[in-house]
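Numbering (UniProt numbering), first residue to last: 1 to 859.
Single-structure report; data block below.
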């Protein structure tokens, strides 16, 4: 939409001094009128880019972290517009979840009202911060118009067999009284309130993300070079694929075998006992099946002890090993030996099948446990033997034991306390003796398959995504439970299942969802036969909301479908996603999973949601994270009031590489403010008329201008925003020098430079840039003015300085033509006074010439 022709006259831009407050007040209403960042013109044929900032949680006002993140995202959005792209840059709010609910409980208010008030505050602050958002494409996830499609997404996964409900031991936050996904437990603490997390057995809803584990892992290769390596590494580690074998152990007195995963099936002959997780169903079953009442009692006591520990504590390798003998026996699948079964806290219920085969000679945790409880230790890998070449003969004593030379370390973990974890060759392993580890693994898998007691297998650290929460403020799960226990999806035409009004509900966390107490809401007729049934009382994890929101932005007001396929084809996937590295596992992994599901179901034509990723660092103070309790909080609103939006934004961009932390005490918004005033004053000089041909102007200044025009795009795309700002400062200084020189402000090269400075500043300081653009006589908005092409002829160096050496030491210099040939350069070098003095009567044996920059005469 073109701006009104008289907008400049209306503005009356007559300021003689730089006043950021007046400039901000002047341009906000203009931008509201002309909508410079709208993307609703379906006839717009420009190539498209989709730039997306991770949407915020509407808690309080914007803070310094928001200021940094939105400054970077805005640079990219504005840059692509200047490059001729139609750029989609939307914003919304991740508005469901615990913070709003807890805040409402503390204040005794409705979480919806609290959330909407914060959204309005955010919106005002974002507008003041001059973020280049398309304000016609906004959403918030607590809007029924949004979470209707959250529920649709749930039902799509349910129909595909990817959403299911089961009882299991879950992470439970005693303070927030709700379950947490594994990813929401940080060092054994709730990520929201830092309360130690405990295990609790509940029936919960899950998304079967493990079905996509291989694709989530392997497809990271597509993102190499486009996502930060740190994020790729974190995702790979979290998925944690391990390859090995699944071995089935028979249990005396139990019909079904127990499957055990191991990455080292080659060491199976060294298995001397089994260990099961004490909080697993298997351990409870085995203990209950013991004929010894004392065993059952010891197990219950031990289970209570383990229940008071975090997973972090249980996996601490330095902690003394504890456990209890379950009085049951497993049968070794190859040798037939009877192996005792123990419950021990170092095995976790959600690893593999909750049971491990203990090979104490070759696993340190198993060895520590075996030594603590005097269990057998059997060496089956000779780690002293070479793994390549011919296996040497090992002398044996009369009993058949290996006799080692004194200088070779003994294979005796029972005495040394050190497990033999290195490579070597198999011993004490029947037909596997003499094989290297790699060959022994393959041969053992063949043996297991032949006997029908095992097979090659993979396992993952990744667990299915637990999505149900026992809280009010979230998306209701669209399932109805009938009296006879059936799960019935809510029909599509009945979506959304809206939250009931919170008035009259006790939202205080107490272990069960408050929705269960909303009888009028919870009691509904069964979709099958109309008999009384009940809605599922839980709500969804808010990471479901954010796993697909980038698609809803494409058609945020569509009431008939979650997203318009034509808009998906037009804009998606996201070209550049901007946000904090704290979401490297949780949010990004879930968004990738949901995208792959939607691809498989035919809803989107791509498998990765975010083509490239920018993770910004933190804004800190005195080397520490800002917080009220530490007394080191810098308030964004106060910084904006003191220095202005542009100075804060420019300071963020100039502070260093985006991925680095910014220590606010080390930067200078005052310096940014002074630079912006200096640049702005150039636009108030008596410049040449708009449109004057600059070719006859100051050639040196024109070269600086066109170097900036040529170099800035590559620097922005390389995310070197600080370098672009530095180059703008250099160009501003060069322009001021030219203004103060002989030709003065009337030189047409000065106008060209000032226009270029305004274009460059439009990426970082939109208010100042817009005001300069108006001072220069242009209609707004400078954001859509278009980047100018550099004149390549001005980038060619006309002369260069050649260094002349004698025997490698610099003796003189000479300015020569950039295209001088080697012979001519050598001739000129030999005639230089410094060279003549140095060479004297000596003979020049040969010359090394690198035209046009170097001559080295060897005498």
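By construction, the Cβ of each residue, glycine as well, lies at the ideal position given by its N, Cα and C atoms.
Beta-carbon spacing of residue 867, residue 694 below 8 Å: Residue 867 is absent from the model: the chain starts at 1 and stops at 859.
Check each candidate in 277, 331, 741 and 342 and name the one with the smallest Cα separation from residue 315. 277
Which full runs of the alpha helix (DSSP H) of 4+ residues lie inside the region 117 to 199, going along the chain? 144 to 159
Just to confirm, is the Cβ distance from residue 811 to residue 804 under 8 Å? yes
Got a sec? Which residues, its chain only, sit under 7 Å from residue 12 by beta carbon, not counting five neighbours each side? Here the model assigns residue 12 a pLDDT of 48, short of 50, so the residue's position is not dependable, and the following value carries that caveat. None.
When you compare only the Cα positions, how much space is there between residue 206 and residue 304? 26 Å
Same chain, Cβ closer than 6 Å to residue 242, neighbours up to 5 away in sequence not counted: 263 and 459
If you count every other CB in all the chains shown that lies within 10 Å of the CB of residue 297, and 16 or more means buried, which is it? exposed
Buried or exposed: where does residue 486 fall if 16 or more other Cβ atoms within 10 Å of its Cβ makes it buried? exposed
Should residue 492 and residue 152 be called a contact, given that it needs their Cβ atoms to be closer than 8 Å? yes
Less than 8 Å separating the beta-carbons of residue 864 and residue 162? Summary: the structure shown does not reach residue 864, with the chain confined to residues 1 through 859, and so no result is reported for it.
Excluding five sequence neighbours on each side, which residues of the same chain lie with their C-beta closer than 7 Å to the C-beta of residue 473? 96, 97, 100, 101 and 111
If you count every other CB in all the chains shown that lies within 10 Å of the CB of residue 88, and 16 or more means buried, which is it? buried
Terminal residues of the alpha helix (DSSP H) in which residue 756 lies: 748 to 761
Buried or exposed for residue 594, going by 16 or more other Cβ atoms inside 10 Å? buried
The alpha helix (DSSP H) enclosing residue 29, as first and last residue numbers: 20 to 34
C-alpha distance - residue 479 paired with residue 171, whole-angstrom precision: 23 Å
Determine the direct distance from the alpha carbon of residue 239 to that of residue 391, and round the result to whole angstroms. Low confidence applies to residue 391: its pLDDT is 49, below 50, so where it sits in the model is not reliable, and the reading given next is rough at best. Straight-line Cα distance between these residues: approximately 38 Å.
Quick one: using the 10 Å Cβ neighbour count with 16 as the cut-off for buried, is residue 583 buried or exposed? buried
Any idea what DSSP makes of residue 314, helix, strand or coil? helix
Run the proximity test for residue 757: is its beta-carbon closer than 7 Å to any non-hydrogen atom belonging to the ligand MG? In the structure on display, the ligand MG does not appear, and there are no ligands present to speak of.
Residue 66 burial status per 10 Å Cβ neighbour count (16 or more: buried): buried
Going by Cα to Cα distance, which pick from 569, 336 and 699 is closest to residue 793? 699
Collapsed DSSP secondary structure at residue 887 in the structure displayed: Because residue 887 is not part of the residues shown, which for the chain are 1 to 859, the question remains open.
Would you say residue 436 lies against chain D (beta-carbon separation less than 8 Å)? Within the model displayed, chain D is absent; a lone protein chain is all it includes.
Look at the Cβ atom of residue 329, then the Cβ atom of residue 341, and state whether they are nearer than 8 Å. yes
Would you say the region 448 to 459 touches the region 525 to 535, given that touching needs at least three Cβ pairs under 8 Å? no
Considering residue 862, what are the terminal residues of the alpha helix (DSSP H) in which it resides? This structure does not reach residue 862, given that the chain is present from 1 up to 859, and the question cannot be answered.
Looking only at DSSP bridge pairs, what is residue 846 linked to? 858
Run through DSSP, which three-state label would residue 862 get? The question about residue 862 has no answer, for the chain in this structure spans 1 to 859.
Is there contact between the region 17 to 37 and the region 51 to 63, where contact requires at least three CB pairs shorter than 8 Å? no
Any contact of the region 734 to 744 with the region 613 to 621, i.e. 3+ C-beta pairs under 8 Å? no
State whether the region 286 to 294 contacts the region 166 to 180, with contact taken as three or more CB pairs (one from each stretch) at a distance under 8 Å. no
From the DSSP secondary-structure annotation, give me the bridge partner or partners of residue 261. 246
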